[in-house]
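Colleague: Here the UniProt record's numbering is used: position 154 in the sequence shown is 154, and no number is missing along the way.
Below is the structure I would like to discuss, written out as structure tokens.
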Amino acid sequence: MHKNCCAILEEPILQQNTGWFKLAVTAALIGSSSTALANGLTLNEQSASSAGTAYAGRSSSALDASTIYGNPAGLTKLRRSEASGGIAVLSINDDISDANSNAQGTNKGDSAPTAVIPFAYLSTPIDERLSVGLGLYVPFGLVNDYESTFQGRYFGSYSKTQIITLQPTIAYRINEHLSIGGGPTLNHFDAKLQNNLATGNLNNGKETLVTIKGDDTAIGYNIGFLVDFNGATSWGVTYHSKVSYKLKGYTEVSDSPGFLSLNGKYNATVDIDTPESLDTSITHHFSDRWTGYLGTTWTRWSRLDKFEAVNSNVSPIGQAAGLGRVGEKLNWHDTWSTAVGASYELNSQWLLRAGFAYDPSPVRNADRSVRIPVANRKSVTLGAAYSPNTDMTIDVAYGYLWDSEASVNQSSDSSLQPAYSAKFNNSANGLAVQLTYRY
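Structure (structure tokens):
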């Protein structure tokens, strides 16, 4: 009698678990938040000198050694050795309104804590044609940490992903008009996710918590070419390759109802590709003081069309709950972002910058979630460069961005994952500082 009773309880619970675990594992390593100042997972914060013009002209202007990221061919324009580095500080605000769910909870918003993003570069010319360099930067990342009582916590309560990249680079000037450059990228991907499961009524008020962690190191590359049409106009193209990761880690389940026997750690493997991008821009000097920048970037977000995670050492009950092999359709789509900027040389020591950028969301309305509450994004930037002498430059940039209102509508697959809908209004302030020393 007792055994039959448990079987009756277990079957619907396991069926309810299946869809939720698929969502949790899928979102763990590809979810996004408004932490990224570019849309999707992408971070733009690899230099303060480019930030002042909203990164317009990044692939056609070799302002300093940070061109290792912007366009490695630009190293041929740096006639002295350079050490350049700095940080970007991001303060993000996400306001939640019109929230609706059968679950109890709060909707405080402001789920992304203040983030500090470092970057550093070294470059040196070998001769008049050949230059080498080394860069360290963060191309992708997010942090999303909702309050523990967040009403939509069953679709995502905590997310953190970060990729750190080391890039050795070589550049060569073919002739007075054309330079090429590139190098491999060594990338370390680290991720953590937490989700709740509405098991309180089955578990003495306790909600199940699932934690997913994984990391991997993989190789990609960054190449570019730079064309100087004349002394006034330059055109550049930069390609950042996709990077294929095989993340290894674990899925940990805690506080699940005792009769399900799901508590424990399960070895997890996730195959995922971060998307390639193609950046092209034009820089034109209108006069000795005024310079204009225009650029666009294509990102192949459609690589995140689907996702599959594999957990091992899973019990038969865990297999029935969907903890073995899981997959989801993501339906992300490719995007083209655009930016325009200008700089004005006030005098021999001061250069002023400004820019505007538009970055469409890779997530369609039907696919948006609490982990991806982003919409079409606009940003305005202001910047300045101060050079007290020919050996040193200090760059500072400020940016303000805002999204269109983003509607999130996530339906329920089971009573363990109550439906949630809300409107998100995201904005952010960013401040970047960079020091470049030439020797």
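Beta carbons: idealized from backbone N, C-alpha and C, even for Gly.
Predicted model only: the values in this text are computed from it and were never measured.
Taking Ala62 and Gly74 to be in contact with their CB atoms under 8 Å, please state how far apart those CB atoms are, rounded to whole angstroms.
Modeller: Right, their Cβ atoms sit about 3 Å apart.
Colleague: Using C-beta distances below 6 Å, list every residue in its chain close to Thr251, excluding the 5 sequence neighbours before and after it, in chain order.
Modeller: Ile212, Tyr266, Ala268 and Asn311
Colleague: Evaluate contact between the segment 118 to 133 and the segment 149 to 160, counting only Cβ atoms and requiring at least three cross-stretch pairs below 8 Å.
Modeller: no
Colleague: Just the Cα atoms here: how many angstroms apart are Ile170 and Ser131?
Modeller: 6 Å
Colleague: Looking only at its chain, what residues have a beta carbon closer than 8 Å to the beta carbon of Trp301, apart from the 5 residues adjacent to it on each side?
Modeller: Gly40, Pro275, Trp332, His333, Asp334, Thr335 and Pro362
Colleague: So if DSSP puts Arg325 in a beta bridge, which residue, or which two residues, is it bridged to?
Modeller: Val310
Colleague: Write down every uninterrupted run of the beta strand (DSSP E) in the segment 127 to 153 whose length is 3 residues or greater and which is fully enclosed by it, in chain order.
Modeller: Taking only runs of at least 3 residues, the beta strand (DSSP E) segments lying wholly in the segment 127 to 153 are 130 to 145.
Colleague: CB Ile96 to CB Gly109, shorter than 7 Å?
Modeller: yes
Colleague: Mapping the DSSP letters down to three states, classify Gly86 as helix, strand or coil.
Modeller: DSSP places Gly86 in strand when its eight states are reduced to three.
Colleague: With a floor of 3 residues, list each beta strand (DSSP E) that falls wholly inside the segment 224 to 300, ordered by position along the chain.
Modeller: 233 to 240, 243 to 254, 264 to 274, 277 to 285 and 290 to 299
Colleague: Helix, strand or coil: how does DSSP classify Ala171 here?
Modeller: strand
Colleague: Given a cut-off of 7 Å, decide if Tyr293 and Thr67 are closer than it, judged by their beta-carbon atoms.
Modeller: no
Colleague: Does the Cβ of Ile174 have 16 or more other Cβ atoms within 10 Å, making it buried, or fewer, making it exposed?
Modeller: exposed
Colleague: Ordered along the chain, which non-local residues of its own chain (more than five positions away) have a Cβ less than 6 Å from that of Ser337?
Modeller: Thr297 and Asp359
Colleague: With a Cβ-Cβ cutoff of 7 Å, do Lys192 and Lys160 count as a contact?
Modeller: yes
Colleague: Between Tyr381 and Leu90, what straight-line distance do the alpha-carbon atoms span, to the nearest angstrom?
Modeller: In the sequence as presented, Tyr is not what sits at residue 381; that position holds Thr. Approximately 13 Å, taken between the alpha carbons.
Colleague: Indicate the three-state DSSP secondary structure (helix, strand or coil) for Arg303 in the structure shown.
Modeller: helix
Colleague: In terms of alpha-carbon separation, which member of Gln167, His177, Gly258 and Leu435 lies closest to Ser241?
Modeller: Gln167
Colleague: List in chain order: all unbroken beta strand (DSSP E) runs of 3+ residues lying wholly within the segment 349 to 413.
Modeller: 350 to 359, 377 to 389, 392 to 403 and 406 to 410
Colleague: Please confirm if the segment 228 to 236 is in contact with the segment 279 to 290, defined as three or more CB-CB distances below 8 Å between the two stretches.
Modeller: yes
Colleague: Opposite Lys108 in the DSSP bridges: which residues?
Modeller: According to DSSP, which records beta bridges pairwise, Lys108 is partnered with nothing at all.
Colleague: When DSSP labels each residue in this structure, what does Asn102 get in the three-state scheme?
Modeller: coil
Colleague: Under DSSP, the alpha helix (DSSP H) around Leu50 begins and ends at which residues?
Modeller: Per the sequence presented here, residue 50 reads as Ser, with Leu not at that position. Ser50 -> alpha helix (DSSP H) spans Ala48 to Ala51.
Colleague: Could you check which residue in Thr299, Val270 and Ile92 has the C-alpha nearest to that of Leu278?
Modeller: Thr299
Colleague: Expressed to the nearest angstrom, what Euclidean distance is found between the alpha-carbon atoms of Lys306 and Tyr245?
Modeller: Cα to Cα, the separation comes out at about 15 Å.
Colleague: Using beta-carbon positions only, say whether Ser254 and Gln194 come within less than 7 Å of one another.
Modeller: No, these two residues do not count as a Cβ contact at 7 Å.
Colleague: Considering only their Cβ atoms, is the gap separating Ala422 from Val408 smaller than 7 Å?
Modeller: Yes, these two residues count as a Cβ contact at 7 Å.
Colleague: Can you pull the DSSP bridge partners for Thr67?
Modeller: None, per the DSSP bridge assignment.
Colleague: Over the uninterrupted alpha helix (DSSP H) stretch that includes Ala320, give me the two end residues.
Modeller: Pro316 to Ala320 is the extent of the alpha helix (DSSP H) around Ala320.
Colleague: Starting from Thr76, trace the beta strand (DSSP E) both ways and give me its first and last residue.
Modeller: Counting along the chain, Thr76 falls outside any beta strand (DSSP E), and DSSP gives it neither H nor E.
Colleague: Mind checking Pro139: buried by the 16 CB within 10 Å criterion, or exposed?
Modeller: buried
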